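>
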Amino acid sequence: MKKGPFIASIILVVIGIIFVIVGAILYVPTEWSDYILWSGLIVFNIGLIVLVTSFIKKPSDETEEKATNT
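Following the numbering used here, the numbering of the sequence shown begins with 1416 at its first residue and continues without gaps.
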């Protein structure tokens, strides 16, 4: 697991949740709060995507060399 993307995704998810809560409380269609709500949903989803990809392990050089040698 990579630490940098993991920390960044946690920050994005927290910011997304805050935006969604503030946008939902202040929701009035076609006002600025509507943009906060939708921006929060987008940021939250991007954070979840980064969180999932941070758990994907990149194969090390040793396993790549073993795969090419066989």
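Quick reminder that beta carbons are idealized off the backbone N, C-alpha and C, glycines included. All of these numbers come straight from a predicted model, not from anything done at the bench.
Does DSSP classify Val1465 as helix, strand or coil?
On the sequence shown, residue 1465 is found 50 positions in, with the first residue counted as 1. Three-state DSSP puts Val1465 in a helix.
> Quick one: residues in its chain with C-beta nearer than 8 Å to the C-beta of Leu1463, no 5 flanking neighbours on either side, listed in chain order?
For this step, residue 1463 is matched to residue 48 along the sequence shown. Here the set comprises Ser1424, Val1428.
> Considering Cα atoms alone, identify which of Gly1419, Trp1447, Leu1456 is closest to Phe1434.
Here residue 1434 refers to the residue found at position 19 when the sequence shown is read from its first residue. Minimum Cα distance to Phe1434 is reached at Leu1456.
> Tell me the DSSP secondary structure of Pro1420 in three-state form.
Here residue 1420 refers to the residue found at position 5 when the sequence shown is read from its first residue. DSSP places Pro1420 in helix when its eight states are reduced to three.
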